[in-house]
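These notes are about the structure you will find just below.
Structure, rendered in structure tokens:
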């Protein structure tokens, strides 16, 4: 705490310190220091107090300080400090002032609060004058000066030339002011000048009234215009600014029909229009600005508004149709139905303009034609009808249009059901069917299913099929109901490979109207390997020469096969078990030698087993023939000498005719005759050769021969071939005694020869020939020789055994829902034969009248090819037959029972799947609405039905066993008027993997209304805000309530509750709930109004509800004027040495606002200099301030 100093209170000491701080800040900001006279104390007996008063509003705060003289600072030596040099200039280059427009002459412009004062600090010897030198070309303003102490104030006022300021023409001025200071020193004068700028802002005065343009408005609206919709926008303009330029709109005469927005000028509808009650509404809309003096409506601008109500076409036409239950197609029926059209409107709006078919008849089969009666029309059949073109019939959409403005229209859908006549023939899905079937297919094999449709319905669409052509041999049959084509007998592609059947489809219409169509079925009988190759001849004997080279063609055998393709391709083989010197070409059947054949040494007759095999699959078929080949001898050997290169000695005395040597030549050929011939050495006839025996004899007297040596060349021939030349050298000797060892006794001749071994070889050949062709080994002879040509055994053998079933099921059970293509079982059988004799073919011989089964002929797979239905047939007895492909063919048959098990494939069916009922909303619990009933065609658990309510509701319940629908909770039409109850009937066929089947029925329950609901406000405890100066009749808010009942019970009347009308400040429209102001509001009088709004319905008994509306009144600034002092400079005087608290002077400020808080004035001090401190008294009720 700061203690007192020198008897000065602490408060005053603080004030002095604050004053010193303010002076330092002021100097730092450039405010020139005031001129101070030479001494620190005044020599006069009294002191003047200069009060500079701004022209703005007086502050409501005050400073509790006392005035003390400012003591000048001295130097350290005790002498006064020298002031800074004086400068003649304005503290600021620009000053701001304002003055209201339309001000009277000599009105002063005022500065904004807290802005620095305009003027100059001067010395006592200066005389200052101010002058406007620029910016006032219209000479509105005048500059005045007033000296107070060491400061000369600058004031701007209006001249006295009666020129009035108009803000709308000029709202600001920039004045250039020059200050001229004159100092007189004797006869001389010193002049100083300073310049500044004054920005003058002209303040707006509410001197203009709003103006409408245009002043008359007209609009036409329909009587069904919705409430609170904008109808028209009126516009007024005011050139003033601020509140003076803001406009309030209001309707001059009180009305509940319309309202105008106070600020936008938008006129809205607040009550429903009725053309019959009033066709024209005239309003006067008033525009007032918000400035002072605009409260009187005589100063307001007005606009006339004409609102024309247009009659509206309120109701659409009603359409009533009385029609035939159905129309027979292609009949000559002319009129289908009679249509009556009415309209609840009156006058032109109730007249029917047209009735048309706008949908459901794209091809124009029907047309509308009016009758002589008003509003009555007939629906004519314009073109022949075809049920097949429109199987569902027609849904004609009728549109009725009235002559109202705008026209209204209504629609009605009328179903047209067409009754069928037998006018369509059955149609095959194809005109020509092409199919192939193996020739091994057993009888009753499915070939193809013929699909036929008939666009008719009922018995006219039921079709039977039959074969009418191409089946002369009865090879095929057709199931007349299912359309499955079967084989009827075994087929043979070799007898007939192609069939063209004509199948006829006949519907079951009435006799005389039945229609039929046909289709071609081309059946290609596929060849299978069912025929053995056949040789042209079963036995064949041929001859072949010996000594032919290997590969020599002997003969060609040919076999034929009636099959086709590879089944007819034949390969040949020699089936002899032992080797034979022959080969056969596998493809051509040409038999060739495999080595050189020799008649002399080899077998002279062969028996070949030639086998022909086809290329069929899975087995080949084959046959054999016997080919006998006999070897023919040919002269293929030359004679050969047993001895060659002989040397002989013959005495010369050997007599003529003596046989001296015998030639021996052998020929390997069978039965050949060898003869001999002389080649040389026999010219002189001394030696003779017997051509048959080969004996050489002497033919002359050897003594006469003049040579010692003779050479004979001889050969042997079989008539074709010649042996090699044999040379015999003979020496003729005379010595008889020396004959040699070989000299015969009779002739004495001796020969020595080289042996060729031909005789030995011939002996061996003859022995081999004897062995190979010994008696009893002829071809085909019984005994061991036949084994030489034994045939290789056949691969397959004969068809000895019949087929046998293997583990044939006693019974097969299948579900009726198995999909197509499902394998039921495999039929197993066996045949102990081989090849085709053991090849099995499976077939169904009977029991499949519905054509739902197929037995694969190759592997015995029994499959489903048609849809099963236990409800149609629950058991099948299939006659299963197994055939082999041997010759002769053998077969076996057995009955296979198939039991069709029930599958949950039928959904429950309701007797009535759509029903509609009505019930009052006060129906008690347990009220029975309806009993549904459904049936199921399945068996057992699958047919057990349980009822349930699918719709999520707690108001109804259905008994799961009986299907009784009952009410189980209080109903409330306002909560839900219509119930679309989906009742589900579920069978008992479901399990973990398969859901149960169900069907749904729809029961529509309509709840009839009773008056059990009070109106309900959309918003409870509504709070709105509104300005206090809005015009009377301004819409404050619209309260809206809804009554969930229907009819008159939902009609609502609005009113204020008891003591809830805001003391008469507001009124409410009983129909629309629009709340308006009933008189002018005053924030100062009451800031909040609490209204109670009541809504009552017209039900019996009536119900009501209430809500509160809090209206907060928004204060509008009505304090338009600031307090004004009598003058902007006030001067007072006080003698020195007056004690603190002494009165200096009394000032007075006035406020032009209306009496009240806005015109109450309080005072406060605003310091613009620090020479004095003033301590005003606390403000009180007095308007004068004592200083």
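In UniProt numbering, the protein residues as written are 1 to 1187.
Glycine is no exception: its CB is placed at the ideal position from the N, C-alpha and C atoms.
- Residue 874 sits close to residue 900, with the two beta carbons spaced by under 8 Å.
- For residue 705, the CB contacts under 8 Å within the same chain, skipping 5 residues up- and downstream, are 652, 684, 686, 732 in chain order.
- The beta carbon of residue 459 lies closer than 7 Å to those of 508, 509 in the same chain, with the five residues before and after it left out.
- The C-alpha of residue 506 is placed about 7 Å away from the C-alpha of residue 514.
- DSSP, reduced to helix, strand and coil, places residue 349 within a helical segment of the structure shown.
- Taking C-alpha positions only, residue 680 is separated from residue 604 by approximately 40 Å.
- Looking at the DSSP output, residue 282 bridges to 306.
- In this structure, the straight-line span from the alpha carbon of residue 689 to that of residue 646 is close to 16 Å.
- The bridge partners DSSP lists for residue 602 come to none.
- Note on residue 803: 16 or more other CB atoms within 10 angstroms of its CB, so buried under the neighbour-count rule.
- In its chain, beyond the 5 residues on either side, 904, 938, 941, 942, 996, 997 have a beta carbon closer than 7 Å to the beta carbon of residue 989.
- Between the C-alpha atoms of residue 976 and residue 457 there is a straight-line separation of about 44 Å.
- Under DSSP, residue 1089 takes part in a beta bridge, and its partners are 1111.
- Contiguous beta strand (DSSP E) elements confined to the stretch 961-1015 occur at 964-967, 978-987, 998-1008, taking only those with 3 or more residues.
- Beta-bridge analysis with DSSP links residue 199 to 96, 174.
- Apart from sequence neighbours up to five positions away, the residues of its chain that approach residue 809 with a beta-carbon distance below 8 Å are 825, 896, ordered along the chain.
- Its chain contains 426, 452, 454, 505, 507 as the residues whose beta carbon lies nearer than 6 Å to that of residue 463, once the 5 sequence neighbours on both sides are disregarded; these appear in chain order.
- Put simply, the stretch 1134-1141 does not touch the stretch 1047-1063. Fewer than three CB pairs are less than 8 Å apart.
- In the structure shown, residue 1159 adopts helical secondary structure according to DSSP, grouped into three states.
- Counting every other CB atom within 10 Å of its CB across the protein chains shown gives residue 276 a total below 16, marking it as exposed.
- Here the alpha carbons of residue 364 and residue 912 stand approximately 35 Å from one another.
- Two segments are said to touch when three or more pairs of C-beta atoms, one from each, lie closer than 8 Å; by this definition the stretch 575-594 touches the stretch 542-559.
- Under the three-pair Cβ rule at 8 Å, the stretch 428-439 does not count as touching the stretch 407-416.
- When secondary structure is reduced to three states using DSSP, residue 1063 falls in the coil class, being assigned neither helix nor strand.
- Of the residues assessed, residue 814 falls on the buried side of the cut-off, its CB having 16 or more other CB atoms within 10 angstroms.
- Relative to residue 838, the option among 489, 888, 1054, 1083 whose CA is nearest is 888.
- CA-to-CA, the gap between residue 1105 and residue 1057 works out to about 10 Å.
- Counting the other Cβ atoms within 10 Å of the Cβ of residue 181 gives 16 or more, which makes it buried.
- When secondary structure is reduced to three states using DSSP, residue 118 falls in the coil class, being assigned neither helix nor strand.
- Beta-carbon to beta-carbon, residue 639 and residue 723 are separated by about 4 Å, close enough to satisfy the 8 Å threshold.
- Note: residue 947 is bridge-paired with 985 in the DSSP secondary-structure output.
- Contact annotation: the stretch 1028-1047 touches the stretch 260-272, with at least three C-beta pairs closer than 8 Å.
- Between the alpha carbons of residue 538 and residue 624 lies a distance of about 8 Å.
- Between the stretch 1060-1067 and the stretch 1141-1157, the count of C-beta pairs closer than 8 Å stays below three; the two stretches do not touch.
- A distance below 6 Å between beta-carbons, with the five flanking residues on each side excluded, links residue 730 to the following residues of its chain, in chain order: 648, 650, 710.
- Residue nearest to residue 332 within the set 286, 371, 300, 380 is 380 (criterion: CA-CA distance).
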